[in-house]
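Per UniProt numbering: the sequence shown = residues 1 to 180.
Think of the CB as a built atom: it goes at the ideal place given N, C-alpha and C, for glycine as much as any other residue.
Keep in mind that this is a model prediction, so the values were computed, not measured.
See below for the structure under consideration.
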Amino acid sequence: MSIKYKIIELIQGDITKLKIDAIVNAANNGLFGGGGVDGAIHRGGGKEIDDQCKLIRERQGGCKTGEAVITTGGNLEADYVIHTVGPVWNGEKSGAEEFLSSCYKNSLNLAVEKNIETIAFPCISTGVYGFPKDLAAEIAVSSIMEFLKDNTGIKKIILVCFEDESFKIYKKLLGLYNSN
Ligand code: AR6
């Protein structure tokens, strides 16, 4: 079991710079591109990502909260972008925790479907959407661990923290898992 934890890597930096099979985007329901990591990914990927998001919008109206869709990476180093929509934090018992967990699991399931072996996640919902960073980190790690129980092909999962606070939270959290 513990060997599987080694699949997870933690880094601090800009997810758009990663040379990897897929990066995950913290998108909005309309897949329009926005601020934060979404803005950076759309800017970095260029028209190719915008055009594919438009097609998805026309086909299925965008992406529901907790679900995930895929485009190619356009001008990014990553081959693919998996766009998932995190929940807006409305307090405990609003169902936000389950939606956030679904973001991680649905993104990973989609990756497996597309034979993606290496994937990087930002800290979904912890910026504009206001999810508490420590709770979001716990949900991210536990959802990934759950997925890894019957993982069928993912070789590396990189958790990308942009700011110090999230990086410190994840470092502590993964340290606890690793010491088990
Ligand atoms: N690389 C990695 N992480 C980043 C980067 C980057 N380049 N830039 C920001 N982050 P947010 P959300 C971190 O707000 O809360 C958009 O407008 C950031 O520090 O990007 O899910 C969408 O269109 C934070 O930890 O996403 C939606 O409307 C994390 O990414 C809405 O924001 C997520 O912050 C989604 O809000």
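Quick one: is Lys47 buried, meaning 16 or more other Cβ sit within 10 Å of its Cβ, or exposed?
Exposed: under 16 other Cβ atoms inside 10 Å.
Indicate whether at least one CB of chain C lies closer than 7 angstroms to the CB of Gly73.
Annotation note: the requested chain C is absent from the structure, which comprises a single protein chain.
Rounded to the nearest angstrom, what separates Pro132 and Gly39 at their Cα positions?
Using only the alpha carbons, I get a separation of about 21 angstroms.
What is the C-beta distance between Pro122 and Val160, in whole angstroms, given that I count them as a contact (C-beta under 8 angstroms)?
Correct: roughly 5 angstroms between the Cβ atoms.
Only counting runs of 4 or more residues, tell me where the alpha helix (DSSP H) segments fall wholly within the region 116-154, in order along the chain.
Segments of the alpha helix (DSSP H) lying fully in the region 116-154: 133-149.
Whose C-beta lies closer than 7 angstroms to the C-beta of Ser101 among residues of the same chain, with five residues either side of it excluded?
Answer for Ser101: Ile139 and Ser143, listed in chain order.
Check whether the region 23-36 touches the region 80-97, counting contact only when three or more Cβ pairs, one atom from each stretch, lie closer than 8 angstroms.
Yes, the region 23-36 touches the region 80-97.
Less than 6 angstroms between C-beta atoms, sequence neighbours within five positions excluded: which residues of the same chain meet that for Lys149?
Once the five neighbours on either side are set aside, Lys149 has no close Cβ partner at all.
Could you give the distance in angstroms between the alpha-carbon of Ile7 and the alpha-carbon of Asn151?
Going by the C-alpha atoms only, they are around 11 angstroms apart.
Looking at Ile11 and the ligand AR6, is the gap between the Cβ and the nearest heavy atom below 6 angstroms?
Not so, every heavy atom of the ligand AR6 lies at least 6 angstroms from the Cβ.
Could you give the first and the last residue of the continuous beta strand (DSSP E) run that contains Asn25?
From DSSP, the beta strand (DSSP E) with Asn25 extends over Ala22 to Ala26.
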